[in-house]
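Residue numbers (our numbering), protein chains in the order written: chain A, -9 to 305; chain B, 890 to 1141. Idealized CB from N, CA, C, for every residue including glycine. One structure below.
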């Protein structure tokens, strides 16, 4: 059951006027998966999420949620979705409890189960003390939590979160991330974000949207290795002439960072580090430290989106 | 037809949220004060001419001389009162971006509209009921024409329902509550002017105005055509509102 597909979107297209905001995007989500939706501003992330939550209707394409077609059986399909839009839809003059009960009823939670659902969700989102407070008096972070609570109170199979950690302090961000990770164990989660560290930390899979098209989709681990250039920084206490370093097998480029440290780029398949170390032992270069160059997910993202841009310009 | 729980949930929320705002209480209190004043003025005038009425063969009773004019004034005041409440229904939710909660919930669009409509109508009926309780105090001193009172009550309720439907539709057209309110007031006054300014030659045009249909109710006539017109009026604007809400899913 762990591989059950909860959300299946096929060939979605959505226009605003003549501008095509989403063109021909397909997406699949399995139970227990956290999918990160990345993309520059205005790429169509929020529109995509509005389509998946049924707020907007696509011009073409189908969305199936837990086996229900969103266009043909909207009420059954939407009951399986919890959605937190970019601006949490909070009635500011309501009390937190009243608001969450209203959200639960709207999502079809049975009357007898509401009290339990309320206490579970408050516990999960850290809102135990906020129940009697008026939403308008809460801080931004707490309002965001109420927004998340609203999206998960009916235990939906698919949780769609549009930038859930915006405007939170670092501690709250950590809590919310832990919550999302926990949600990901039993539900499917789609979240959009600008924060690439978020993707690194909590997402199993990444889809990158640019100009309304999916330009990349893979596991977040593999994304990090993307655009990777093999290389390392090495410290040699008794360095030889730079020319000597070029003689090591596979070395492409040597950059002198200081008198004793060098940044060495090498071919991806070559085992240059080992060759250099054995050479160093033979020649007495006194190798001290060797640090492989880390490519962050940020670099990968920039690499991908820029590649797509130049590709578009050429086309 | 069994009322759907979703409709009731939305109606209940709408009804309660009205009482959360202090301005609602202020309006209710002020309104009751004005109506009481009006009621006493009419009563006073009636008491002064009562002796002269006694000489007539078929004198107008207290219901016709006090209750009907007071209710006529309530009907007129609804024209300004209803837009104040209807403007919030959709426009404010749009502006505060809370409508998404309803749009993403497993609730059909027509249930959102009908739920909100019922919630507000329930609240407005409270005003009507309060007014009637005040009029019923007349029964302490004299006998009342309950048939006429009932016909007036039905008429006033239907008229309010018409105004609410129109206001609700206008509220779906804009994200600015104030724009919704002013355009509703303008539309209602326009419909009223058709009635007041129309001459006998423009009967067909006059028939478009809800107020002219209310007049037969207030005279104690329950006519099928008036019922039909008012119900059609309500249905038309509710359908337009539902359509408009659906269009936002299509056009964004």
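8 angstroms contact criterion, which residue 1142/B and residue 928/B should meet: CB distance rounded: The shown model of chain B, from 890 to 1141, leaves out residue 1142/B, and the question about it has no answer.
Under 8 angstroms between C-beta atoms of residue 1127/B and residue 1002/B: Residue 1127/B sits at position 238 when you count from the first residue of the second chain. Residue 1002/B sits at position 113 when you count from the first residue of the second chain. Cβ atoms of residue 1127/B and residue 1002/B: closer than 8 angstroms.
Proximity to residue 1108/B [Cα-Cα], best of 1051/B, 1092/B, 1040/B: Here residue 1108/B is taken as the residue at index 219 of the second chain, counted from 1. When each option's Cα is compared against that of residue 1108/B, the closest is 1040/B.
Inter-residue spacing [alpha-carbon to alpha-carbon] between residue 914/B and residue 41/A: Taking the first residue of the second chain as position 1, residue 914/B is located at position 25. Taking the first residue of the first chain as position 1, residue 41/A is located at position 51. A direct Cα-to-Cα measurement between residue 914/B and residue 41/A gives close to 40 angstroms.
Residues from the stretch 38 to 58 of chain A in contact with chain B, defined by Cβ distance under 7 angstroms: 43, 44, 45, 46, 47
Beta bridge counterpart(s) of residue 15/A as assigned by DSSP: If you number the first chain from 1, residue 15/A lands on position 25. Residue pairing of residue 15/A in beta bridges, as defined by DSSP: 2/A.
is_contact[residue 83/A, chain B] using C-beta, thresh 8 angstroms: Residue numbering aside, residue 83/A sits at position 93 when the first chain is read from its first letter. At least one CB atom of chain B sits nearer than 8 angstroms to the CB of residue 83/A.
Within chain B, partners of residue 98/A - CB distance below 7 angstroms: In the first chain, the residue the question calls residue 98/A occupies position 108. In chain order: 995.
In chain order, each alpha helix (DSSP H) run of at least 4 residues that lies wholly inside the stretch 89 to 134 of chain A: 104 to 115
Outcome for residue 152/A when other beta-carbon atoms lying within 10 angstroms are tallied against a minimum of 16: Against the first chain, residue 152/A aligns to sequence position 162. Counting Cβ neighbours within 10 Å, residue 152/A comes out buried, since at least 16 surround it.
Neighbour list for residue 73/A in chain B, Cβ cutoff strictly below 8 angstroms: Taking the first chain and counting its residues from 1, the one referred to as residue 73/A is at position 83. Simply 989, 993.
Status (buried if at least 16 other CB within 10 Å, exposed otherwise) for residue 983/B: What you label residue 983/B is simply residue 94 of the second chain in a count that begins at 1. Counting other Cβ atoms within 10 Å of its Cβ, residue 983/B reaches 16 or more and is therefore classed as buried.
Within-8 angstroms CB hit, residue 31/A to chain B: Along the first chain, read from residue 1 onward, the residue named residue 31/A stands at position 41. Chain B contact via Cβ: absent.
Residue 1139/B: contacting residues in chain A (beta-carbon distance under 9 angstroms): The residue given as residue 1139/B occupies position 250 in the second chain. By Cβ distance, chain A contributes 46, 47, 49.
Beta-carbon spacing of residue 990/B, residue 93/A below 8 angstroms: On the second chain, residue 990/B is found 101 positions in, with the first residue counted as 1. On the first chain, residue 93/A is found 103 positions in, with the first residue counted as 1. Yes, they are a contact pair.
Segment limits, alpha helix (DSSP H) that includes residue 39/A: Translated into the one-based positions of the first chain, residue 39/A becomes position 49. Here the alpha helix (DSSP H) through residue 39/A covers 35 to 43.
Residue 99/A versus residue 222/A: straight-line alpha-carbon distance, rounded: Start at 1 with the first residue of the first chain, and residue 99/A comes out as number 109. Start at 1 with the first residue of the first chain, and residue 222/A comes out as number 232. Using only the alpha carbons, I get a separation of about 56 angstroms.
Sequence-distant residues of the same chain with beta carbon closer than 6 angstroms to residue 6/A, five excluded per side: As a first step, residue 6/A is located in the first chain; it is residue number 16 there, counting from the start. Within the same chain, residue 6/A has no close Cβ partners at all.
Per-residue DSSP class, three states only, for residue 180/A: As a working mapping, residue 180/A is identified with position 190 in the first chain. Residue state, collapsed to three classes: strand.
Of the listed residues 205/A, 178/A, 202/A, 293/A, nearest to residue 306/A (C-alpha basis): Only positions -9 to 305 of chain A appear in this structure, which leaves residue 306/A out of reach.
Identity of the residue in 124/A, 254/A, 27/A, 234/A nearest residue 909/B by Cα: Counting from one through the second chain, the residue named residue 909/B turns up at place 20. Looking from the CA of residue 909/B, the closest CA among 124/A, 254/A, 27/A, 234/A belongs to 124/A.
Cβ-based burial, residue 89/A [other Cβ within 10 Å; buried from 16]: Along the first chain, read from residue 1 onward, the residue named residue 89/A stands at position 99. It is buried - the Cβ of residue 89/A has at least 16 other Cβ atoms within 10 Å.
Below-8 angstroms beta-carbon distance, residue 986/B vs any chain A residue: In the second chain, counting from the first residue as 1, residue 986/B sits at position 97. True, the Cβ-Cβ gap to chain A drops below 8 angstroms.
Contact list for residue 898/B against chain A, beta-carbon separation under 8 angstroms: Within the second chain, residue 898/B is the residue found at index 9, counting from 1. The answer, in chain order, is 92, 95, 96.
Beta-carbon proximity of residue 1144/B to residue 951/B, cut-off 8 angstroms: Look at the range of chain B in this structure, 890 to 1141, and you will see that residue 1144/B is not part of it.
Where residue 143/A falls: helix, strand or coil (DSSP): Start at 1 with the first residue of the first chain, and residue 143/A comes out as number 153. Here residue 143/A sits in coil by DSSP.
Chain A within 8 angstroms of residue 906/B, Cβ atoms only: On the second chain, position 17 is the one that residue 906/B refers to. So, interface residue.
CB contact below 8 angstroms: residue 65/A versus chain B: Here the question's residue 65/A lines up with position 75 in the first chain. It does; some Cβ of chain B falls within 8 angstroms.
Contacting positions in the stretch 103 to 115 of chain A - beta carbon closer than 8 angstroms to chain B: none
Residues within the stretch 902 to 933 of chain B neighbouring chain A, beta-carbon criterion of under 9 angstroms: 902, 905, 906, 909, 910
Validate contact between the stretch 34 to 51 of chain A and the stretch 1118 to 1134 of chain B using beta carbons, cut 8 angstroms, 3 pairs: no
Contacts of residue 69/A in chain B (Cβ-Cβ under 9 angstroms): Numbered from its first residue, the first chain carries residue 69/A at position 79. Residues of chain B passing the Cβ test: 994, 995.
Paired residues, beta bridge with residue 282/A - DSSP: Numbered from 1 along the first chain, position 292 holds the residue referred to as residue 282/A. Partner(s): 222/A.
C-beta contact flag for residue 11/A and residue 37/A at 8 angstroms: Position 21 of the first chain, counted from the first residue, corresponds to residue 11/A. Position 47 of the first chain, counted from the first residue, corresponds to residue 37/A. Remark: C-beta atoms of residue 11/A and residue 37/A approach each other more closely than 8 angstroms.
Residue-level contact to chain B via CB, residue 128/A, 8 angstroms cutoff: Walking along the first chain from the start, residue 128/A turns up at place 138. With respect to chain B, the C-beta atom of residue 128/A has no partner C-beta closer than 8 angstroms.
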